[in-house]
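Worksheet for the structure shown next.
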Amino acid sequence: MEKQNFTYSKYDIDKDDQAENVVEDDDRKFLEKDYIKNLPYAFIRFTPDIVFNERQKEVFKGMSIKEINNKIYNSLKLGEHYTNQTLSYTIKDVDSHRIWKLVIEPLYKNGLRVAVDATANIGGMTKLLALHGIRVEAWELQEEVYLMLKSNINLYHLNDLVKTHLGRYDYSVEKGCLVYIDPPHEKSFMSSKNDSSVNHFNLSIDKYPMYYIVERLLSSGAKYVLLNMPLCYKYNMEFAVKNNHLIKIYYLGNKNVKNFLITKGKFKPEYWKIIGTAKNVVVESDKYSELYKCKLVAL
Ligand SMILES: C[S@@+](CC[C@H](N)C(=O)[O-])C[C@H]1O[C@@H](n2cnc3c(N)ncnc32)[C@H](O)[C@@H]1O
15 MEKQNFTYSK YDIDKDDQAE NVVEDDDRKF LEKDYIKNLP YAFIRFTPDI VFNERQKEVF
75 KGMSIKEINN KIYNSLKLGE HYTNQTLSYT IKDVDSHRIW KLVIEPLYKN GLRVAVDATA
135 NIGGMTKLLA LHGIRVEAWE LQEEVYLMLK SNINLYHLND LVKTHLGRYD YSVEKGCLVY
195 IDPPHEKSFM SSKNDSSVNH FNLSIDKYPM YYIVERLLSS GAKYVLLNMP LCYKYNMEFA
255 VKNNHLIKIY YLGNKNVKNF LITKGKFKPE YWKIIGTAKN VVVESDKYSE LYKCKLVAL
């Protein structure tokens, strides 16, 4: 398991250690083909554990959770809230609820109240965080997508909790925040140190290895960095040890990706020296709500 998640080679922050791991564009095309069929599963649904903010209390007064979810679903418009392409990137409803329960809620219980969504897209993760009362600074590089992000925040009435930024994430952090990075995994999004017009994050950022970016964020005040990475991604162990990175790795049921949660501090048994690798178990059931049930198990 360790070998799947870590590389033991000498680190070199000037070397893009993930260049060979980006996904061929053709591999992604199938995702975009039929994605609109997945619309009912893409947008996050309200669940009973979500505590309404003042605006939501007003707008959704007297409505059941089912009615609210239907209202939102019936309001979704192609070109305003999503396109085939943006939908293929956004975290699905069920995956977002699982990531909340297993990864982020424990941090919330530990006092987390502010986050940066460095790669917001149409707002899958931004909405999840804000629906649970976390204040979010959401960054999106592409203007067309950014406008959809704003429409989605309006649709869920999360304006008071989310501040959006059109442009490249500038590494700004608030003390104690979580930074979520869900970079594009495709070749076409490769960033380049020499070409400032190509400024997408990738598995590396500005061709710096992701572990170096994590260190930069943690040492400027972020408490946690959460990475959504493809299965082939490996974190540099030597750098992690030298910089006291404590890492938990989660396989949350989505077959193509894994999450790295990184914080800094003194070694604790649940962190990576005894790797906190975990997996979720879906309870088999016909009921949609049962899909959210999951628990961590050691691999
Ligand atoms: C995989 S999507 C994120 C999906 C999102 N987490 C969700 O669940 O809806 C990656 C997004 O990051 C944006 N992006 C890439 N590099 C960026 C950067 N340097 N700053 C801000 N946004 C960036 C891309 O335009 C794309 O929309």
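With the working numbering applied, the sequence shown covers 15 to 313. For each residue, glycine too, the CB sits at the ideal point set by N, CA and C.
Where residue i falls: helix, strand or coil (DSSP)
i, result
"Y265", "strand"
"E188", "coil"
"L241", "strand"
"V36", "coil"
"D131", "strand"
"Y122", "helix"
"R348", "A question about residue 348 goes unanswered here, because the residues of the chain that appear run from 15 up to 313."
Proximity test, residue i beta-carbon vs ligand 1 heavy atom, cut-off 6 Å
i, result
"L155", "yes"
"G279", "no"
"R182", "yes"
"D77", "The displayed chain sequence assigns Met, not Asp, to residue 77. Not so, every heavy atom of ligand 1 lies at least 6 Å from the Cβ."
"M139", "yes"
"Y103", "yes"
"D334", "An answer regarding residue 334 cannot be provided, because it is not within the stretch 15 to 313 covered by the chain."
"T178", "no"
"P54", "no"
"T133", "yes"
"D30", "no"
"P223", "no"
Spatial distance of residue i from residue j (CA atoms)
i, j, result
"V150", "K177", "6 Å"
"Q70", "G76", "11 Å"
"Y222", "D30", "6 Å"
"K91", "N52", "14 Å"
"E200", "T133", "14 Å"
"L180", "T97", "18 Å"
"I82", "K262", "35 Å"
"Y225", "S78", "44 Å"
"V36", "L217", "7 Å"
"P120", "L192", "12 Å"
"V128", "S233", "17 Å"
"E94", "M139", "18 Å"
"L126", "Q32", "30 Å"
7 Å Cβ shell around residue i - same chain, five flanking residues per side excluded
i, result
"S211", "Here the model assigns S211 a pLDDT of 48, short of 50, so the residue's position is not dependable, and the following value carries that caveat. Closer than 7 Å at Cβ, skipping near neighbours: no residue."
"F253", "Y25 and Y225"
Cutoff 6 Å; reference residue i; Cβ partners in own chain excluding five residues on either side
i, result
"R59", "N83 and D107"
"I276", "V228, V239, H259 and I261"
"N242", "D196, V271 and N273"
"A236", "V187, C191 and V193"
"Y103", "N135"
"N250", "T21, Y25 and Y225"
"N257", "E229"
"K141", "I58 and Y170"
Residues near residue i in its chain [Cβ-Cβ closer than 8 Å; skip 5 each side]
i, result
"P62", "I79"
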